[in-house]
Ligand SMILES: O=C(O)CCC(=O)C(=O)O
Ligand SMILES: [Fe+2]
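Numbering (full-length UniProt numbering), first residue to last: 1 to 330.
So this is what it looks like as structure tokens:
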């Protein structure tokens with residue numbers, strides 16, 4: 001269970017989490033979408049869920065008090081026709097974990113994909129996983145169709161790549177805002193508001209910041225998954241801030257695991273992780289005691305992306321995009 005390339009803020013998980021998560025990665029590796037949707041131990045809001053380990057509660061969501069419609073329309077730059085969700089979910093055993101099924105309407109999801117490809121990915125300040133090995137031309141236009149097969153050479157004599165290969169499989173993440181330092185395993189400790197403080201895209205900031213979520217977004221990782229990709233169990237502990245981590249899913253459905261190291265009284269053993277089906281438009285918040293919970297992705301299901309009427313729909317039909325936003329500083 002290793003990733004192809006190292007990635008920011010991925011701290012190796014100690015044995016207990018790995019041991020508890022491993023059977024799930026194994027049993028879900030070949031599960032069909034249909035079986036996962038009906039599996040009693042995979043939570044999704046539209047079916048019943050019962051687990052001896054987790055109690056999920058439905059909470060009232062007040063879309064008006066957080067100015068949801070206005071936020072969405074500002075971000076999508078168009079009128080957004082949507083019925084705001086009435087509920088979100090909390091988990092008794094994972095305090096601070098919030099689950100918002102289908103929060104982002106299609107127009108907002110589509111805009112997020114467009115912004116990712118056209119604005120967040122191209123600049124040289126936004127490092128991606130390929131930059132570690134290749135001299136990726138900048139601005140990096142994933143969909144510039146001139147010469148998609150032109151060779152991009154590996155810096156240390158490894159296999160060359162091409163924009164086509166990157167687009168279809170190799171692009172795994174891009175970082176926005178404060179860029180994590182690989183060597184020191186830390187974010188830059190700049191002072192907010194001063195020159196040189198990492199720039200974070202304003203439109204994404206305004207979409208996800210207070211009062212909707214308890215966060216001043218300063219850094220983000222956008223993860224790209226193809227079917228077959230997983231993300232190993234880890235904690236996100238690099239940020240100094242204890243504020244919420246906000247995670248938006250777009251495109252293909254995926255199984256997400258999350259767990260705290262705790263003893264389950266009924267079985268007197270470490271509790272297994274909670275399994276969630278994450279679908280396009282869902283948002284997860286990891287805050288409070290769950291800010292540093294172990295988590296990972298066990299399965300990405302092919303042919304499950306909704307039609308978002310995106311200019312990049314063909315690509316999105318083969319991808320899961322996860323926008324993972326954090327506050328770096330206290
Ligand atoms: O893809 C996801 O839902 C989770 C990503 C994640 O855990 C991370 O970027 O640290
Ligand atoms: Fe994470």
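Glycine residues also receive a C-beta, built at the ideal position from the N, C-alpha and C atoms.
Where the beta strand (DSSP E) containing residue 73 begins and where it ends: Numbered from its first residue, the chain shown carries residue 73 at position 73. First-last for residue 73: 68 to 76, but that is the alpha helix (DSSP H), not the beta strand (DSSP E).
N- and C-terminal bounds of the beta strand (DSSP E) containing residue 299: By one-based count along the chain shown, residue 299 stands at place 299. 294 to 300 is the span of the beta strand (DSSP E), which, as asked, contains residue 299.
C-alpha gap between residue 71 and residue 160, whole angstroms: Residue 71 sits at position 71 when you count from the first residue of the chain shown. Residue 160 sits at position 160 when you count from the first residue of the chain shown. Between residue 71 and residue 160, the C-alpha separation is close to 42 angstroms.
Nearest-angstrom Cβ-Cβ length linking residue 60 and residue 86, presumed shorter than 8 angstroms: Along the chain shown, one-based indexing puts residue 60 at 60. Along the chain shown, one-based indexing puts residue 86 at 86. Contact flag correct, Cβ pair sits at about 7 angstroms.
Proximity of residue 285 and residue 213 at Cβ, strictly below 9 angstroms: Position 285 of the chain shown, counted from the first residue, corresponds to residue 285. Position 213 of the chain shown, counted from the first residue, corresponds to residue 213. For the pair residue 285 and residue 213, the CB atoms are nearer than the 9 angstroms cut-off.
Proximity of residue 228 and residue 21 at Cβ, strictly below 9 angstroms: Looking up residue 228 in the chain shown gives position 228. Looking up residue 21 in the chain shown gives position 21. No, the pair does not count as a contact, with Cβ atoms beyond the cut-off.
Inter-residue spacing [alpha-carbon to alpha-carbon] between residue 36 and residue 300: In the chain shown, the residue the question calls residue 36 occupies position 36. In the chain shown, the residue the question calls residue 300 occupies position 300. Approximately 11 angstroms between the Cα atoms of the pair.
Whole-Å CB distance - residue 54 paired with residue 274, under 8 angstroms assumed: Locating residue 54 in the chain shown gives position 54, counting from the first residue. Locating residue 274 in the chain shown gives position 274, counting from the first residue. About 5 angstroms; that satisfies the 8 angstroms criterion.
Residues near residue 248 in its chain [Cβ-Cβ closer than 6 angstroms; skip 5 each side]: As a working mapping, residue 248 is identified with position 248 in the chain shown. Correct list, in chain order: 283, 323.
Simplified DSSP assignment, three categories, for residue 59: Position 59 of the chain shown, counted from the start, is the residue given in the question as residue 59. It is a strand residue.
Inter-residue Cα distance where the pair is residue 253 and residue 230: On the chain shown, residue 253 is found 253 positions in, with the first residue counted as 1. On the chain shown, residue 230 is found 230 positions in, with the first residue counted as 1. Distance between the alpha carbons of residue 253 and residue 230 is about 12 angstroms.
For residue 17, three-class secondary structure by DSSP: Position 17 of the chain shown, counting from 1, holds the residue named residue 17. The answer is helix: DSSP assigns residue 17 an H, G or I state.
Neighbourhood of residue 217 by C-beta, 8 angstroms cutoff - its chain only, sequence neighbours within 5 removed: The sequence position of residue 217 within the chain shown is 217, counting from 1. Correct list, in chain order: 177, 200, 204, 205, 208, 209, 246, 325, 326, 327.
Spatial neighbours of residue 289 in its chain, beta-carbon cut-off 6 angstroms, leaving aside the 5 residues before and after: Looking up residue 289 in the chain shown gives position 289. Sequence-distant Cβ neighbours of residue 289 in its own chain, meaning closer than 6 angstroms and more than five residues away, are 95, 96.
In chain order, each beta strand (DSSP E) run of at least 3 residues that lies wholly inside the region 242 to 291: 245 to 251, 254 to 259, 274 to 278, 283 to 286
Rounded C-alpha distance that separates residue 319 from residue 313: Residue mapping note: residue 319 aligns to position 319 of the chain shown, counting from 1. Residue mapping note: residue 313 aligns to position 313 of the chain shown, counting from 1. So the two alpha carbons sit approximately 10 angstroms from each other.
Neighbour-count burial assignment, residue 38, 16 or more Cβ in a 10 Å radius: For this step, residue 38 is matched to residue 38 along the chain shown. Per the 10 Å Cβ criterion, exposed.
Closer than 8 angstroms: residue 231 CB and nearest ligand 2 heavy atom: Taking the first residue of the chain shown as position 1, residue 231 is located at position 231. Checking the Cβ of residue 231 against ligand 2 gives yes.
Per-residue DSSP class, three states only, for residue 311: Indexing the chain shown from 1 puts residue 311 at position 311. In this structure, residue 311 counts as coil in the three-state DSSP scheme.
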